[in-house]
Amino acid sequence: MNHGNLVTITAQQVLVMFLLILVGYLAVRVKVLGAEARQNFSSLLINIVVPAMIVDSYLIPFDPAILSNLLRTALASAAVLFAGLGIALLATRRMKDPNRPLLRFAITFSNAAYMGFPLIEALFGAEGLLYASIFNTFFNILIWTAGTALLAPGSQEKHSLGQLLKKPALLAVVLGLILYLGQVPVPDLISTPLSLLGGMNTPLSMLITGIIIATSDLRSVIRRGSLWYALFLRMAVVPATALLLCLATGTGGMVGAVVILLEACPCAAITSVFAVQYHYDEELAAGSVVVSTLLSIVVLPAFALLVQLI
Numbered sequence: 081m082n083h084g085n086l087v088t089i090t091a092q093q094v095l096v097m098f099l100l101i102l103v104g105y106l107a108v109r110v111k112v113l114g115a116e117a118r119q120n121f122s123s124l125l126i127n128i129v130v131p132a133m134i135v136d137s138y139l140i141p142f143d144p145a146i147l148s149n150l151l152r153t154a155l156a157s158a159a160v161l162f163a164g165l166g167i168a169l170l171a172t173r174r175m176k177d178p179n180r181p182l183l184r185f186a187i188t189f190s191n192a193a194y195m196g197f198p199l200i201e202a203l204f205g206a207e208g209l210l211y212a213s214i215f216n217t218f219f220n221i222l223i224w225t226a227g228t229a230l231l232a233p234g235s236q237e238k239h240s241l242g243q244l245l246k247k248p249a250l251l252a253v254v255l256g257l258i259l260y261l262g263q264v265p266v267p268d269l270i271s272t273p274l275s276l277l278g279g280m281n282t283p284l285s286m287l288i289t290g291i292i293i294a295t296s297d298l299r300s301v302i303r304r305g306s307l308w309y310a311l312f313l314r315m316a317v318v319p320a321t322a323l324l325l326c327l328a329t330g331t332g333g334m335v336g337a338v339v340i341l342l343e344a345c346p347c348a349a350i351t352s353v354f355a356v357q358y359h360y361d362e363e364l365a366a367g368s369v370v371v372s373t374l375l376s377i378v379v380l381p382a383f384a385l386l387v388q389l390i
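FYI, the numbering for the sequence shown is 81 to 390, going by this note's numbering.
The following block contains the structure:
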């Protein structure tokens, strides 16, 4: 696949995301939706849509022939995700900004599923997508444990096993793994609604981002040094670290490429959703999603080309 095709795939995904953001923006501007809709939409997404998407992602056949690669993917995914979290914590340790937890979240978590999966499929086909699903397992576990703990550092909520398992998304990971590892047959009557609900994840996240933008001054946000510092870490330092880790551990080939590309994606779309849920600067969250998504037109194809050369 040539570099032009990589740019085209990424640009198409970016354009779709911005059109969805535009729908949310216009809905508020023409008073179809009120700004308060973002709260209800974010609750719907976190409690219903994301769990459905997670379970649906596990409804794939198990291939024992690539079991060793699945284990390598699991180890590499855990390593690079924890490395990203470590970078976010260390690089912002002296930051006094009250939105430091939000920026740490934006640095750590990428929009892997929506931005990365189409590129992985184009480059590596069904096997690459299977490795991407393994990455997604660790991503989901980390985002709903360490990610939510980052955003609620002063919360009285105890992150015990019992409390964690009450989170719909983590319950969905457990159920999904049982279905996948046990190859439990799921009838179409169940899988179809799951797929339809899960498909709402990116559109709903982008609508929320558009609603936030409609009631904010994004131009002032993009002049903040803290935003660009976070985006530099998210779009350059974190994926470069993933690349170095894979080279250092000999995790090459398709497995290494998949993990690196998923870490090279822009800030997770759910960053805006969590800003609403945990009462952080929603404009800053929306800005991080919008600007990093634009940057991905250059960054993602560049890393895709790099991993192919290596």
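Note that CB positions come from ideal geometry on N, CA and C, so glycine has one too.
- For E343, the enclosing alpha helix (DSSP H) starts and ends at 333–343.
- In the three-state scheme derived from DSSP, where H, G and I count as helix and E and B as strand, S190 is classed as strand.
- Judged by their CB atoms, G196 and L298 are not nearer to each other than the 8 angstroms cut-off.
- The segment 131–140 makes contact with the segment 270–281, as at least three CB pairs between them are under 8 angstroms.
- When C-alpha distances from A163 are compared across C326, G205, L250, P265, the shortest belongs to C326.
- If you draw a straight line from the Cα of R118 to the Cα of L125, it is about 10 angstroms long.
- Counting other Cβ atoms within 10 Å of its Cβ, N191 reaches 16 or more and is therefore classed as buried.
- A distance of 8 angstroms or more separates the beta carbons of A365 and S376.
- As computed with DSSP, C347 is found in a beta bridge with S190.
- Spatial neighbours of T373 in its own chain (CB-CB distance under 8 angstroms, excluding positions within 5 residues in sequence) are listed in chain order as V94, M97, F98, N191, M195, P346, C347.
- By the neighbour-count criterion, in which 16 or more other beta carbons inside 10 Å mark a residue as buried, T272 falls on the exposed side.
- Each residue's CA atom was taken as its position, placing D143 and G114 some 48 angstroms apart.
- The alpha carbon of L287 has as its nearest neighbour, out of I89, G336, T88, V112, the alpha carbon of V112.
- Taken through DSSP and simplified to helix, strand or coil, G278 comes out as helix.
- Counting other Cβ atoms within 10 Å of its Cβ, S213 reaches 16 or more and is therefore classed as buried.
- Per DSSP, reduced to three states, the secondary structure at P283 is helical.
- If you compare the alpha carbons of D361, S157, A229 with that of T329, the shortest gap goes to S157.
- In this structure L161 is not in contact with F204, their Cβ atoms being roughly 20 angstroms apart against a cut-off of 8 angstroms.
- Using a 10 angstroms sphere on the CB of V318, the tally of other CB atoms reaches 16 or more, which defines it as buried.
- In this structure, the CA atom of V130 is about 14 angstroms from the CA atom of V254.
- Contact annotation: L380 and F215 have beta-carbon atoms that are not nearer than 8 angstroms.
- With contacts defined as CB atoms closer than 8 angstroms, V387 and A337 qualify as a contacting pair.
- Burial state of L106 is exposed, judged by a 10 Å Cβ sphere holding fewer than 16 other Cβ atoms.
- A direct Cα-to-Cα measurement between N179 and W308 gives close to 14 angstroms.
- As summarised for the segment 144–170, there are no continuous beta strand (DSSP E) elements at least 3 residues long confined to that stretch.
- In the same chain as L139, and ignoring 5 residues on each side of it, the C-beta atoms closer than 7 angstroms to its own belong to L259, V266, S271, in chain order.
- The beta carbon of A252 lies closer than 6 angstroms to those of P131, I134, V135 in the same chain, with the five residues before and after it left out.
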